[in-house]
Amino acid sequence: MTKHLSRRALLGSAAAAGAWAAAASIAARSPKPQDPMTAADTSKPAPAASRLVRLSANENPYGPGPKARAAIAAAMPEACRYSIDSYNRLIDQLAQRENVERTSIVLGSGSGELLNMLALEYVGRGELVTAWPTFEQITTYAERLGATVRRVPLDRQMRHDLTALGSTVSANTGLLYVCNPNNPTGTVVAGETLREFCRSMANRTLVVVDEAYLDLIEPGATESMVDLARAGENVVVLRTFSKIHGLAGLRIGYGIGAAGVIKRLRRMQMAFANTLGMEAALASLNDRQFLTDTAAALAQDRARMLAACRGLGLECSDAQGNFIFVNTGMPNDQFRERMRQQQIEVGRTFEPYATWCRVTVGTTQETDRFLAALPRVAAG
Ligand SMILES: Cc1ncc(COP(=O)(O)O)c(C=O)c1O
Numbered sequence: 000m001t002k003h004l005s006r007r008a009l010l011g012s013a014a015a016a017g018a019w020a021a022a023a024s025i026a027a028r029s030p031k032p033q034d035p036m037t038a039a040d041t042s043k044p045a046p047a048a049s050r051l052v053r054l055s056a057n058e059n060p061y062g063p064g065p066k067a068r069a070a071i072a073a074a075m076p077e078a079c080r081y082s083i084d085s086y087n088r089l090i091d092q093l094a095q096r097e098n099v100e101r102t103s104i105v106l107g108s109g110s111g112e113l114l115n116m117l118a119l120e121y122v123g124r125g126e127l128v129t130a131w132p133t134f135e136q137i138t139t140y141a142e143r144l145g146a147t148v149r150r151v152p153l154d155r156q157m158r159h160d161l162t163a164l165g166s167t168v169s170a171n172t173g174l175l176y177v178c179n180p181n182n183p184t185g186t187v188v189a190g191e192t193l194r195e196f197c198r199s200m201a202n203r204t205l206v207v208v209d210e211a212y213l214d215l216i217e218p219g220a221t222e223s224m225v226d227l228a229r230a231g232e233n234v235v236v237l238r239t240f241s242k243i244h245g246l247a248g249l250r251i252g253y254g255i256g257a258a259g260v261i262k263r264l265r266r267m268q269m270a271f272a273n274t275l276g277m278e279a280a281l282a283s284l285n286d287r288q289f290l291t292d293t294a295a296a297l298a299q300d301r302a303r304m305l306a307a308c309r310g311l312g313l314e315c316s317d318a319q320g321n322f323i324f325v326n327t328g329m330p331n332d333q334f335r336e337r338m339r340q341q342q343i344e345v346g347r348t349f350e351p352y353a354t355w356c357r358v359t360v361g362t363t364q365e366t367d368r369f370l371a372a373l374p375r376v377a378a379g
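In case it helps, numbering that gives the first Met the number 0 puts the sequence shown at residues 0 to 379.
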């Protein structure tokens, strides 16, 4: 058993550097998670901005779940203390769940911080290889550090082109980033195919598999690569509490990797995770009902959105996360503006897909708003 981290060590290191098939039946059986739009405090008039339905940032509007909310309230008196106790308990719990030693887990202020730490430690002014378009955080940060980013276009189905990625990785590559499911397209690479690819690439470079949306896939669509990280391969798996757990504002993510890699990453940490976020994460991990209901509701509404878009003749990718990616047939800025006129905020543009829009699945009520506006907006 590895020793728990002391406050001094923690401060020192900081300073130094789902269920698709089950979804329908579950959704029918269980009440929907609380809808923040209907649960809002109606005693005060809502500010104008709050009437805007935000379907632009891939958040989960059902969160935090009931257990996380209770844990946040209960932890409030501890907010005057440094978060070492919560940190140790969360690392313990994650290590147990992932069946790894504590030394194989690193926490971040969201997995976004972990992506920055990876760029700092493994790329620097070197080279990063990634599919494109994908979640831009690590590429943006690496370029600010002076890195060269090699972007490999997705294939015709908007999936990672593994052959092209493999031939782009060279002796100069410090890190290969794989987002599965991919943001913004939501497409996945099948488990066995990805595992074989990661294994072969890990001999040549550090492979980072970002599994932010993995809890929101159709069962069997793809798999976690955590077994590779567990086996000590040169692979880091990233997870976040921002998506299915609905804790985006509380900034908790984690990475799983070989102890040597994790040790290097911990040295790059800019901050250490906050008490309320970690207590919420701990509670949410055990909130089975909330997680099952949320996955079911989001899967059902994603299916409704895809069916409506395809019904209007709009092409969509095979999206697996809490969002869809749709070709609206008009420049995305125009589509965004038209949606904004309907009080709906949809996603930014992901070049080179200039006429495609990423739309986040909201609550069922928010999804209804989008579906009502869509035919008008698409017709122009
Ligand atoms: C693929 C992917 N990875 C990581 C993140 C970062 O999430 P967070 O920093 O909230 O954990 C996001 C956020 O949208 C994402 O889409």
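The beta-carbon is built from N, C-alpha and C at its ideal position, and this holds for glycine as well.
Could you say which of the options lies nearest to residue i if we only look at CA atoms?
i: D209; options: P65, S55, R124, N179; result: N179
i: R88; options: A296, T363, T274; result: T274
i: A307; options: G276, D367, A294; result: D367
i: A122; options: L174, G107, A353, I251; result: At residue 122 the sequence reads Val, which differs from the Ala that was named. Looking at the Cα atoms, L174 is the closest of the given residues.
i: Q319; options: G361, N181, T204, H244; result: N181
i: A348; options: L227, Q340, V358, N331; result: The sequence shown places Thr at residue 348, rather than the Ala named in the question. Answer by Cα proximity: N331.
i: V206; options: D214, A56, L215, A130; result: A130
i: R101; options: Q156, M157, N115, Y86; result: Y86
i: L281; options: T192, Q340, R96; result: R96
i: F271; options: V52, A141, D84, A72; result: D84
i: Y140; options: C197, E58, R124; result: R124
i: E135; options: S108, P183, G312; result: P183
i: D214; options: R301, V99, A118, T291; result: T291
i: G256; options: F289, L227, R266; result: L227
i: L119; options: R263, P351, T293; result: R263
i: V168; options: R203, A69, T192; result: R203
i: Y81; options: G361, I343, V360, E278; result: E278
i: I104; options: F369, G259, P374, T362; result: G259
i: A247; options: A74, G107, L51; result: G107
i: V188; options: N98, D160, E142; result: D160
i: R194; options: E222, E217, G185; result: E222
i: T162; options: G312, C197, F334, P65; result: C197
Start and end of the alpha helix (DSSP H) containing residue i?
i: L313; result: Taken as a continuous stretch (DSSP letters only), L313 belongs to no alpha helix (DSSP H), as it is neither H nor E.
i: R53; result: R53 -> not in any alpha helix (DSSP H); beta strand (DSSP E) instead, spanning 52-54.
i: V376; result: 363-378
i: N331; result: 331-340
Could you have a look at residue i and say whether DSSP puts it in helix, strand or coil?
i: G254; result: strand
i: Y121; result: helix
i: Y212; result: coil
i: A8; result: With a pLDDT of 48 at A8, under the threshold of 50, the modelled position of this residue cannot be trusted, and the question is left open.
i: F134; result: coil
i: E142; result: helix
i: D317; result: coil
i: A63; result: Contrary to the premise, residue 63 reads as Pro rather than Ala in this sequence. Correct three-state label for P63: coil.
i: T291; result: helix
i: D300; result: helix
i: S42; result: For S42, the predicted model reports a pLDDT of 44, less than 50, meaning its position is unreliable and no value from the coordinates is stated.
i: S29; result: For S29, the predicted structure reports a pLDDT of 41, less than 50, and the residue's modelled location is therefore unreliable. A value from the coordinates is still provided. Of the three classes helix, strand and coil, the one that applies to S29 here is coil, per DSSP.
i: A306; result: helix
Tell me where the beta strand (DSSP E) around residue i begins and ends.
i: T147; result: 147-152
i: R347; result: Segment: none, R347 is in no beta strand (DSSP E) and carries neither H nor E.
i: T129; result: 126-131
What does DSSP give as the partner residue(s) for residue i in the beta ladder?
i: Y352; result: F349
i: T359; result: F322
Can you give, in chain order, each stretch of the beta strand (DSSP E) that sits fully within the region 68-118 and has at least 3 residues?
Entirely contained in the region 68-118, the beta strand (DSSP E) runs reaching 3 residues are, in chain order, 104-107.
Q. Mind pulling the beta strand (DSSP E) runs of 3 or more residues that sit fully within the region 215-288?
A. Listed in chain order, the complete beta strand (DSSP E) runs (minimum 3 residues) inside the region 215-288 are 234-239, 252-255.
*asked:* Please give the ranges of any alpha helix (DSSP H) in the region 153-208, keeping only runs that are unbroken, at least 4 residues long and fully inside the region.
replied: Taking only runs of at least 4 residues, the alpha helix (DSSP H) segments lying wholly in the region 153-208 are 161-167, 190-201.
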